[in-house]
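Going down the list, the sequences are from chains A and B.
Numbered according to our numbering, the first sequence spans residues 1 to 157.
Numbered according to our numbering, the second sequence spans residues 158 to 890.
We put the beta carbon where it would ideally sit given N, CA and C, even for glycine.
Every value quoted in this text rests on a predicted model; they were computed, and no experiment measured them.
Okay, structure first, notes after.
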Amino acid sequence: MSAAPTLTVNGRAVALTGVPDPERLLDLLRWRLDLRGTKEGCRTGDCGACTVLVDGRPTLSCLTLAHELEGRSVETVEAIGDDPTGRAVQDAFRDAGALQCGYCTPGFVVALTGLLKELGRSAPEERFLADLGGNLCRCTGYLSIARAVRLARERAP
Amino acid sequence: MSATARPDAAEKLRGGLVYGTDLVAPRMRWGALVLAPPLAGRITGVDLTEARSLPGVVAIGAADVAGLVGGATGDAERPPFPVDAIAYPFQPVAAVAAPTLAAARAAAARVRVTVEAAPLVTDLESVFPDWPGPDARDACLAAHVRARFGDVDRLLASAETVVRETYRTPGIHQVALEPHACLAEAHGDRWIVRTSTQSPFGVREDAASILGVPETSIDVDGTWVGGGFGGKGASFLEPYALLLARAAGVPVRLALTYREEFLLGRSTLPAVIRFETGVSGGRIVARRVRLLLDVGTSLPGRDFATGYSIGFLLGPYRAPAFEVEGYAVRTHKPPFGPHRAPFAPQCAFAVESHLDEVARAAGRDPIEFRADHLWTEGDRTPLGQPIGPFGLPAAMAAARRTATAWRARCPPGHGVGVGVGFWSTGTGAGGEARLRLTPDALLIEQGEREIGSGSVLVGLAAVAERRTGLARDRIRVEYRSTATAPFDSGVFGSRTTAALGRAVDEAASALLADLARRLGSEGTVRLRGDRGEIEVVGTAARRTVRELATPAERAGPGILAVGKHYGARGTIDETRVEAGEFYPYHDFTGAAHVAQVDVDRETGAVRVERYAAFHDVGTVIDRSSALAQVEGGIVMGLGTALTEEAIWGPDGRLQNPGLLDYRIPTLLEVPPIEIELLEGYPGDGPFGAKGLGEPPIVPVPATIAAAVRDACGAHLTELPLTPERVARALKSA
């Protein structure tokens, strides 16, 4: 029996057998794996609400096909707090009051966690803000999110 | 920085909460709307046969509604599906449910809809190219309002200076990140829907009216709401989902795509505003204001927008004589819907920009001129509504000082502007509160869900904390569906903490009075929770809640207290009203803002460099939530000011139904914002609070426009202030 194609989601192997070929990662996460912490916004790659980490990099799950991820590793907001950087980001958002309705929040938390790990906390603040420019928030006006970025950079391991 | 984290922060940060879009149920089917072609006109056929032949598919249209509701007749003027004619492009004409979303979409695509196309009218100004006459009685009108006092014609004719201007404002969308979504079930004569809404009771009332079933047969349970901003205030998808669930016999989930949000959502629509203002001796002697408001397919006699919105063109400035007239014009668009502070930012933009122009024409300093005419406490509005404690003059004075300081250090070519706006805290149909005091916690039972602002979870708890003395960590909001929740009219109108909070405050006061009696204590008692179980502390005695509760209360739900606040409506001097209904504002509040901008003279691009806001809040109930409302409202207003515009093409179709072409502000465009909350002008809310959800967006477009004019002389009379418009105005300046 040949090994079924799999990807890893939050550390667990997920078989791609039976997943229709054009299925988006977003739908795989939300409807097959019941990981609905990853939010569905525009489904056209414009809002960032569905951001997850693929091999550590912030990725729009609405524009990513599940079958393209064979052998790769996906992390979602549900597991982000298991990571010390993710935990620091969550705490920073909480302490900066950087959330209101909370719908964009998982996308921001995941994206910032990925950026901190990729760029390192000493990368210039503008770099973080520029990369988060693709995540939309309609409630906060972003200033509290920018404060959370500052706090997270101070606190990240 | 916030000392106390919001109670919903931890779950929101780990993606643990269920929003409307996250709803699922066993045996659930997926719904999809069948959209009409992008036309208007008489329906000649909706053929569901092919869709129904697909495995597991249920399809319903107008002909099926009566059977599904057991012969009941709903509101004939707004059936769930259109019977005779398509009123606007893509109007839902049928709905399907299937085992998967893909199957539902495929089935919807197989429904054949034929329409005898009529001319599509989506350009407001093409309806009345010559402005409606005073006796216009046209099928295209949904409402006509008119009020006046004083002899405006005579005063304008004799004024030293008269300025006539026309302003245009576009349609704008709410753009909550979460699309509308709900999940419905039907069992026997029960209709059950879980939905992402700003008003569970509003959905219940509306759905009952549309379906023709008793309100009590419908149970609405709110979910977490991924942003409302007015777009989730009334029923929308719920009647479709309920009918599908009835037809399918299993739960049905229905959600909009984001494209459908833009195409079908009820948003604020375009308007034309005309002013005639006369000045003599540097003072306004008469104002005439006329409004043409696109209300889409709002029903004649049911348009709320015109009589509500037009009041924002009447203030906040005094005039010895006034005439105001507004027409609600029907076009082939979805019905007008509220968008945070419905139409007030657009009105403030027009009023402020126009009065700047008037001041300049009269040779006066624009800010000083406006400050001289500002309403103050004790004044009456042009409709005779009394102005109570009103912090706007103080806010404007603070804004002027800030503007002067900024201007002194403003680089050449940059500009500083001041804008103001007022607001009337809504009460809606009122609200009721139910508190239960248990040995461990004070519970606030509510049907309203937290929509993000904090007005429910933080605001109501803060009111109870302030009244009872019990620390916030012992106070919890517990959600109930409409079957058991105390009534409340909805999270809108900046009313939640201010008006529903009054009901909570009344319930808390009743609870304390009850506890004082039980304690046998003279005077007031307070609650304390810092020594384990909650204690009731009087002047001479102290007992635990457990000790004061009866055996039944201890065994069951705790000590109960109720409160209600059905709100106050303002009064209108009806002798001044000649036609239509004006909304009676009351409990006035306001804000003055300052912006510094840089305008690129080649491209016309505007960059906002810094911003300051001074808000009359009555009383601060929770400081971090209040500041968050102001920050968020201002940035949303930057979108209204600079980029947001629904564009209908010459073919009558919406050209930009997506986030790429309908631009809302991003993290990269936000200036630093300084905020001052002004207390000391108490409102009708608990402890003198006034609403704060909507006021922050009101002055923003006006403020940016004033700053742009200060920077480069460009006087703009149309929103948004896109680079193209600014560049054009620069050329003609």
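Strictly below 9 Å CB to CB, what residues from chain E border M793 (chain B)? No chain E is present in this structure, whose protein chains are A and B.
Closer than 9 Å between beta carbons: that is the criterion. Which residues of the stretch 176-200 of chain B meet it against chain A? Y176, T178, D179 and V181
Considering Cα atoms alone, identify which of B:A229, B:T454 and B:E335 is closest to A365 (chain B). B:A229
Neighbouring residues, chain B, relative to R36 (chain A) (Cβ below 9 Å): G172, V175, Y176, T178, D179 and V181
Taking 8 Å as the threshold, find out whether the stretch 315-324 of chain B comes into contact with the stretch 485-493 of chain B through three or more Cβ pairs. no
With the cut-off set at 7 Å, would you say A255 (chain B) and V214 (chain B) are in Cβ contact? yes
Inter-residue spacing [alpha-carbon to alpha-carbon] between M158 (chain B) and L784 (chain B): Residue placement at M158 (chain B) is poorly supported in this model, since its pLDDT is 37, which falls under 50; the coordinates still yield a value, given next. Those two C-alpha atoms are separated by around 10 Å.
Take Y819 (chain B) as the anchor and find which of B:R347, B:T323 and B:L420 has the nearest alpha-carbon. B:L420
What residues match up with T603 (chain B) in a beta bridge as DSSP calls it? Residue identity check: residue 603 (chain B) is Gln in the sequence provided, not Thr. DSSP lists B:Y636 as partners of Q603 (chain B).
I'd like to know whether the C-beta atoms of A718 (chain B) and L668 (chain B) end up nearer to each other than 7 Å. yes
Output yes or no for whether 7 Å exceeds the beta carbon distance between L312 (chain B) and V481 (chain B). no
Residue closest to E602 (chain B), alpha-carbon to alpha-carbon, out of B:R361, B:A725 and B:A665: B:A665
With a cut-off of 8 Å, do at least 3 Cβ pairs link the stretch 21-28 of chain A to the stretch 62-71 of chain A? yes
Are three or more beta carbon pairs between the stretch 608-619 of chain B and the stretch 725-736 of chain B nearer than 8 Å? no
Report the residues of the stretch 617-649 of chain B with a CB closer than 8 Å to any CB of chain A, ordered along the chain. none
For the beta strand (DSSP E) that R764 (chain B) lies in, which residues bound it at each end? V763 to G775
If distances are taken between C-alpha atoms only, which option among A:H67, A:G37 and A:V9 comes closest to D21 (chain A)? A:H67
Quick one: is A233 (chain B) buried, meaning 16 or more other Cβ sit within 10 Å of its Cβ, or exposed? exposed
Would you please verify whether the beta carbon of Y415 (chain B) is less than 7 Å from any beta carbon of chain A? yes
Over what stretch of residues does the beta strand (DSSP E) that includes V756 (chain B) continue unbroken? F745 to V756
Min CB distance G388 (chain B) to chain A below 7 Å: no
Considering only the beta carbon of each residue, do Y484 (chain B) and H301 (chain B) sit closer than 7 Å? yes
Taking DSSP as the reference, what is the three-state secondary structure of W187 (chain B)? strand
Compute the Euclidean distance between the alpha carbons of A244 (chain B) and G385 (chain B), then round it to the nearest angstrom. 25 Å
Taking 7 Å as the CB-CB limit, is F93 (chain A) close to chain B? yes
Measure the Cβ-Cβ separation of V272 (chain B) and A251 (chain B) and say whether it is below 7 Å. no
Buried or exposed by the 16-neighbour rule on C-beta atoms within 10 Å, applied to K888 (chain B): exposed
Classify L825 (chain B) as buried or exposed, calling it buried when 16 or more other Cβ atoms lie within 10 Å of its own Cβ. exposed
Does the separation of the CB atoms of A859 (chain B) and V573 (chain B) fall below 7 Å? no
In this structure, does DSSP put S782 (chain B) in helix, strand or coil? helix
If I'm right that I830 (chain B) touches Y768 (chain B) with Cβ under 8 Å, what's the distance once you round it to whole angstroms? 5 Å
To the nearest angstrom, how far is the alpha carbon of E40 (chain A) from that of A49 (chain A)? 6 Å
With a 10 Å radius around its C-beta and 16 neighbouring C-beta atoms as the bar for buried, classify T654 (chain B) as buried or exposed. buried
Ignore the nearest five residues each way along the sequence and tell me which others in V792 (chain B)'s own chain have a CB closer than 6 Å to its CB. P822 and V827
Closer than 7 Å to chain B by CB, T6 (chain A): no
Expected contact under 8 Å - CB spacing of A219 (chain B) and P236 (chain B) to nearest Å: 6 Å
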